[in-house]
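J.:
Residue numbers (this note's numbering): 1 to 161.
#1: Measuring only the C-alpha atoms, how far is residue 99 from residue 86?
#2: For the alpha helix (DSSP H) that residue 62 lies in, which residues bound it at each end?
#3: Is it right to say residue 82 is buried, meaning 16 or more other beta carbons lie within 10 angstroms of its own, or is it exposed?
#4: Comparing C-alpha positions only, which one of 72, 62, 66 and 55 sits nearest to residue 36?
#5: CA-CA distance, residue 12 and residue 80?
#6: Residue 92: buried (16+ other C-beta within 10 angstroms of its C-beta) or exposed?
#7: Count the CB pairs spanning the segment 8–26 and the segment 43–52 that are closer than 8 Å, and state whether there are at least three.
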């Protein structure tokens, strides 16, 4: 609750900051406040639309926006923005990890797992994060996902999502 309050305040202080709105949405969703989370997603998409007009090379805006669009049921925009994030920075672990989240929710399991494998090859090493990220609940029991977790048992790097 406190995090939601702080992210709301941050987004009010800087209405052009898409990241605080996305984090607000995450908090509200985890608190079960679906209507408020949807409103935050709508706001985030509008802020990101404006942002990418001036910063078309911001991969983070595209992958976070793709996730927000998906939560709003806009599959086409989610696919487009996710693909654009990957086109901008196809080797960055945060891009790979977060686009894998979106592809998981789009039901594109193989694509999501391909991206996770690449993220791990490129240095993503937060096994605990991956083990507990609810975005991967739909594929958590997949043998390929389990193999990825197993492959991380001896790896540890400095990258995070």
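Glycine residues also receive a C-beta, built at the ideal position from the N, C-alpha and C atoms.
T.: Well, looking at it:
#1: 8 Å
#2: 59–71
#3: buried
#4: 72
#5: 28 Å
#6: buried
#7: yes
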